[in-house]
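Using our numbering, the first residue of the sequence shown is number 193, and each one after it goes up by one. Where is the CB? At the ideal position from N, CA and C, for every residue including glycine.
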Amino acid sequence: MKIYTLHQKQKLPINLDTAWEFLCNPANLSKLTPSAMNMNIISGADRPMYAGQILQYSVTPLAGIKTKWVSEITQYEDKKYFVDIQLYGPYALWHHKHFVHVIDGGVEMEDIIDYKVPLGIFGQLMHPVLVKPKLEQVFNYRTQQLEAIFGKY
Numbered sequence: 193m194k195i196y197t198l199h200q201k202q203k204l205p206i207n208l209d210t211a212w213e214f215l216c217n218p219a220n221l222s223k224l225t226p227s228a229m230n231m232n233i234i235s236g237a238d239r240p241m242y243a244g245q246i247l248q249y250s251v252t253p254l255a256g257i258k259t260k261w262v263s264e265i266t267q268y269e270d271k272k273y274f275v276d277i278q279l280y281g282p283y284a285l286w287h288h289k290h291f292v293h294v295i296d297g298g299v300e301m302e303d304i305i306d307y308k309v310p311l312g313i314f315g316q317l318m319h320p321v322l323v324k325p326k327l328e329q330v331f332n333y334r335t336q337q338l339e340a341i342f343g344k345y
């Protein structure tokens, strides 16, 4: 089964502390997710992020298809990076690395997501027409929301 990768970078005109505080608050994930996905945090967002933390959400990745998403923060290095993996949810594999780098005039956030689609060959056929565009839409929305909150670099 094929593993796909989405790699995205975004620069923001904020300091490291501000960026890290926002990104490491699991409750902010709903602010960065399109409302059409009906994201609802079920549990795990009641404390700051740490390695071993389990987060549970309900989400509607496609119209009419509601699912639970359970992720674990597997690695966490303060003000540098964290990694979340999907334990249960819509993907056959989800491994998401979040990095924050200090740059002149702000920070650069970098996301690297390695993922597999479910449903074997059918899922692979649907990847370019459904899964990849939807994932890109979610991350483009996130980019817009972060710029609306913190300004454009």
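When we look at the beta-carbon of G256 and count the other beta-carbons within 10 Å, is it buried (16 or more) or exposed?
-> exposed
Counting along the chain, where does the alpha helix (DSSP H) carrying I305 start and finish?
-> It is not in any alpha helix (DSSP H) - I305 instead sits in the beta strand (DSSP E) that spans G298 to K308.
L215 by DSSP, collapsed to three states: which one?
-> helix
Cα separation between E328 and K258?
-> 19 Å
Would D276 be called buried (16 or more neighbouring beta carbons within 10 Å of its own) or exposed?
-> buried
Shortest alpha-carbon distance to Y273 belongs to which of Y196, S235, A211 and G297?
-> A211
Return the Cβ separation of K308 and M193 in integer angstroms, given the expectation that the two are a contact with Cβ distance under 8 Å.
-> 5 Å
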